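Trainee:
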Amino acid sequence: MMLKARPHPAACTPLAPINARRLKLLKPFSGCSKEISGKRKSSGRAALVQTQAVASTGPSTASKAKSSPASSQRPRKPEQQHKQGLRSSDTVAGNGKPGQRVVIVGGGWAGFGAAKHLSQQGYSVTLLDVSPNPGGLSAGWRTQQGRAVEAGVKGFWYQYHNIFALIRELGIPWPLTDWTTSGFWSPSGLTTEAPVFSKQQQYPTLLGQFIHTFPLFRSIPLADRLTMLPLLYSILDYDRSPASYEQYDKMSAWDLFQRYGVSKRLFEDFLRPLLLVGLFAPAEELSAAVVIGTLYFYALAHQNDFDVCWCKGSVSERIFLPLVDLIRKSGGKINGGQLVTDVTIDSDTGAATGVHASTKEGQSTYYPADAVIFAVGITGMKKLISNCPALGTRPEFRGIMNLKGLDVIATRLWLDQSLPTKFPANVLAGFEPGVGGTYFNLSELQDEYKTEPGTVIAADFYHSNTLMPLPDAEIVAKVKSNLDHCEPSFRSAQVVDSAVLRWSSAVTHFSPGSYASRPLQTTSLGNVFMAGDWVRGLDHGANGLSQERAYITGLAAANLVIQGLSHGVPAPIIPVEADEPHVVAGKRANQAVQGFLEALPSPFRSL
Numbered sequence: 231m232m233l234k235a236r237p238h239p240a241a242c243t244p245l246a247p248i249n250a251r252r253l254k255l256l257k258p259f260s261g262c263s264k265e266i267s268g269k270r271k272s273s274g275r276a277a278l279v280q281t282q283a284v285a286s287t288g289p290s291t292a293s294k295a296k297s298s299p300a301s302s303q304r305p306r307k308p309e310q311q312h313k314q315g316l317r318s319s320d321t322v323a324g325n326g327k328p329g330q331r332v333v334i335v336g337g338g339w340a341g342f343g344a345a346k347h348l349s350q351q352g353y354s355v356t357l358l359d360v361s362p363n364p365g366g367l368s369a370g371w372r373t374q375q376g377r378a379v380e381a382g383v384k385g386f387w388y389q390y391h392n393i394f395a396l397i398r399e400l401g402i403p404w405p406l407t408d409w410t411t412s413g414f415w416s417p418s419g420l421t422t423e424a425p426v427f428s429k430q431q432q433y434p435t436l437l438g439q440f441i442h443t444f445p446l447f448r449s450i451p452l453a454d455r456l457t458m459l460p461l462l463y464s465i466l467d468y469d470r471s472p473a474s475y476e477q478y479d480k481m482s483a484w485d486l487f488q489r490y491g492v493s494k495r496l497f498e499d500f501l502r503p504l505l506l507v508g509l510f511a512p513a514e515e516l517s518a519a520v521v522i523g524t525l526y527f528y529a530l531a532h533q534n535d536f537d538v539c540w541c542k543g544s545v546s547e548r549i550f551l552p553l554v555d556l557i558r559k560s561g562g563k564i565n566g567g568q569l570v571t572d573v574t575i576d577s578d579t580g581a582a583t584g585v586h587a588s589t590k591e592g593q594s595t596y597y598p599a600d601a602v603i604f605a606v607g608i609t610g611m612k613k614l615i616s617n618c619p620a621l622g623t624r625p626e627f628r629g630i631m632n633l634k635g636l637d638v639i640a641t642r643l644w645l646d647q648s649l650p651t652k653f654p655a656n657v658l659a660g661f662e663p664g665v666g667g668t669y670f671n672l673s674e675l676q677d678e679y680k681t682e683p684g685t686v687i688a689a690d691f692y693h694s695n696t697l698m699p700l701p702d703a704e705i706v707a708k709v710k711s712n713l714d715h716c717e718p719s720f721r722s723a724q725v726v727d728s729a730v731l732r733w734s735s736a737v738t739h740f741s742p743g744s745y746a747s748r749p750l751q752t753t754s755l756g757n758v759f760m761a762g763d764w765v766r767g768l769d770h771g772a773n774g775l776s777q778e779r780a781y782i783t784g785l786a787a788a789n790l791v792i793q794g795l796s797h798g799v800p801a802p803i804i805p806v807e808a809d810e811p812h813v814v815a816g817k818r819a820n821q822a823v824q825g826f827l828e829a830l831p832s833p834f835r836s837l
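Under the numbering used here, the first residue of the sequence shown carries the number 231, and numbering increases by one thereafter.
1. Rounded to the nearest angstrom, what separates S474 and Q793 at their Cα positions?
2. Since L420 is in the beta strand (DSSP E), which residue starts that stretch and which ends it?
3. Would you say T668 and V730 are within 8 Å of each other, going by their C-beta atoms?
4. What residues in its chain sit with their C-beta under 6 Å from that of F444, if we drop five residues either side in the sequence?
5. The alpha helix (DSSP H) that contains W540, what's its start and end?
6. Pick from I522, Q432, P831 and L358: whose alpha carbon is nearest that of D467?
7. How about G337 and P364: do their beta carbons lie closer than 8 Å?
8. For the alpha helix (DSSP H) containing V554, name the first residue and the last one.
9. Going by DSSP in three states, P699 sits in which element: helix, strand or coil?
10. Expressed to the nearest angstrom, what Euclidean distance is found between the alpha-carbon atoms of P503 and I615?
11. Looking at V638: is its Cβ nearer than 8 Å to the Cβ of A736?
12. Quick one: which unbroken alpha helix (DSSP H) runs of 4-plus residues sit fully inside the region 356-435? Chain order, please.
13. Give the range of the beta strand (DSSP E) segment to which R642 is assigned.
14. If you draw a straight line from the alpha carbon of S722 to that of P699, how long is it in whole angstroms?
15. Taking buried to mean at least 16 other C-beta atoms within 10 Å of its own C-beta, is P831 buried or exposed?
16. Measure the alpha-carbon distance for L462 versus D714 and round it to whole angstroms.
17. For K680, count neighbouring C-beta atoms within 10 Å of its own C-beta (all shown protein chains included) and say buried if the count is 16 or more, exposed if not.
18. For L525, tell me which candidate among S418, K590 and G771 has the shortest Cα-Cα distance.
19. Roughly how many angstroms lie between the CA atoms of Y528 and I465, to the nearest whole one?
20. Helix, strand or coil, according to DSSP, for S297 in the structure here?
21. What residues in its chain sit with their C-beta under 7 Å from that of G543, if we drop five residues either side in the sequence?
22. Can A340 and Y745 be called in contact, C-beta distance under 8 Å?
23. In chain order, what residues of the same chain lie with their CB nearer than 7 Å to the CB of Q282, ignoring the 5 residues before and after it?
24. Identify the residues that DSSP records as bridge partners of L731: which are they?
25. Could you tell me if T623 is buried or exposed, where buried requires 16 or more neighbouring beta carbons within 10 angstroms of its beta carbon?
26. Tell me, please, which residues DSSP counts as bridged to A688.
27. In terms of residues, what are the limits of the beta strand (DSSP E) holding T583?
28. Taking 8 Å as the cut-off, does the region 375-382 touch the region 810-818 (at least 3 CB pairs, one atom from each stretch)?
29. By the DSSP assignment, the beta strand (DSSP E) with N565 in it spans what residues?
30. Report buried or exposed for A829, applying the criterion of at least 16 other Cβ atoms within 10 angstroms of its Cβ.
31. Which residue wins for smallest C-alpha separation from L446, given the options W484, E515 and T411?
32. Report the partner residues of L658 according to the DSSP bridge assignment.
33. Report yes if the CB atom of I564 is closer than 8 Å to the CB atom of R558, and no otherwise.
34. Do you know offhand how far T609's Cα is from H739's?
35. Please determine, among T457, G584 and L506, the residue with the shortest C-alpha to C-alpha distance to L357.
36. Going by DSSP in three states, P802 sits in which element: helix, strand or coil?
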């Protein structure tokens, strides 16, 4: 049964209007020092970061846990949360010194986030992106009949506080749908569905998820679902200490599931597809630490965390274009069609002095800079490092060469009949070996298609290396076959137009042991900083693929620039909702027990 859509999405947690006491400011500083985290001071992940030049202030986990919403209080909608929004004095100072130049390499959430804040602080910001139209739809992504197509479909999750705040700051018509239900499908049929948790009675985390999903698992028996319980201990233990986090990071998620006795049926029908669409790789190829963190942030930390909404049009047109317009109105420059090829370094100071970029026609331009932010993905960064000796000789950049990307395919189909789907968003498991899949009914989710004849379906494949060589027609046929299997009414519909987009090594592969090779936001070049959801050292949410995390790293990089150049107001960053009291208590108890056990003398230590 479909839920009736509200005018705007339901919301994040019920926080008070933003003010200084409710904000967690990243106060950056120069030099080498350990990361200081007010959110999880005992976090093993944070303690692993020995040289991250980012400090954060905020109450301890214990004090923050008191405000955790494990109650019956109804959550607000995103456009209602923080009704007063950000005051202009919170983000706009305009006091950067004239002539202080910041070059940002790469658009997207990280690059645009950094460019927005720094341009509002009065810096001379230039963002360079290889796309001809950064923030907009590419003219080349069109169907045979000329319809524009956007790459993939991305969700906006319950804990995306900072992105929701940005949307309100832009002052645009609310671009997101209501929270939606989702279906999980296998070749045997519907496996389970995800309800809208924020519309249900509120319970403490884990209890609420169990109660509200109990009647929704069609094909996974309760006995199999209960094998998930021992795995929950890993949430309490994985970031207990640096050694603990390192141990979990080197382990694959598959090994983790085996260690804790997860049943084969639960793994194959639920966990495997969840990871293939959430982290774009099978469990055998994923870091257990990243998997635990992702499951906790998106599903287990609070009852409502798995709630997701979608953009009512393309993210490029509905959000990025207004954001680009704001950057330009604040004095920033957005230059498309610019491939950065080199970085110049002052041999005396060891600081970057500018970057070289070229167009596809070969025209080269030099952009002088007082600070540089790299906000590109792994594949783009590896190409730059390979061509730039100034970066390739430095350990933190050489380490990036160990990292890998994963292949993805995005498709869009136009059908000749107007047909409903059981759920607007759907996850597929077992239809293609080792490949994750999703499909979305854009005729229900996006405004521009609601009145268009027929049905528009977006379907994406993740970890799609085995599908990449196939011709477009064969990939479209696979999508149609999957649709027909899950939605029998689609069997009589014909595909009248389609598009298939491929990206090789486009998204981060969080493989076992990859944490050590991922860069910090600071580098050995004192005025060069990194941003993107793949950087480490920022203890904010899931340590993996996330639009929210990418945006946050852009703001954090902007704060590092402000600290280094000594001008401007740091960007406010809304913290992740605190752990609930029983989780805090469990972590403390485990910390105490493990600390006691580790303190016991061992006859093997001298061997």
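Every residue gets a Cβ at the ideal spot worked out from N, C-alpha and C, and that includes glycine. Bear in mind that the values here come from a model prediction, so they are computed numbers and not experimental data.
Mentor: In short, the structure shows the following:
1. 32 Å
2. G419 to A424
3. no
4. none
5. Here W540 belongs to no alpha helix (DSSP H); instead the beta strand (DSSP E) covers V538 to W540.
6. I522
7. yes
8. L551 to K559
9. coil
10. 34 Å
11. yes
12. 391-400
13. G635 to L645
14. 28 Å
15. exposed
16. 37 Å
17. exposed
18. G771
19. 13 Å
20. The predicted model places S297 with a pLDDT of 36, which falls under 50 and marks its position as unreliable, so this point remains unresolved.
21. P405, Q676, D677 and E678
22. no
23. Confidence is the limiting factor: at Q282 the pLDDT is only 40, short of 50, which leaves the residue's position unreliable and the question unanswerable from this model.
24. A640
25. exposed
26. R642 and F670
27. A582 to S588
28. no
29. K563 to N565
30. exposed
31. T411
32. W415 and G667
33. yes
34. 11 Å
35. G584
36. strand
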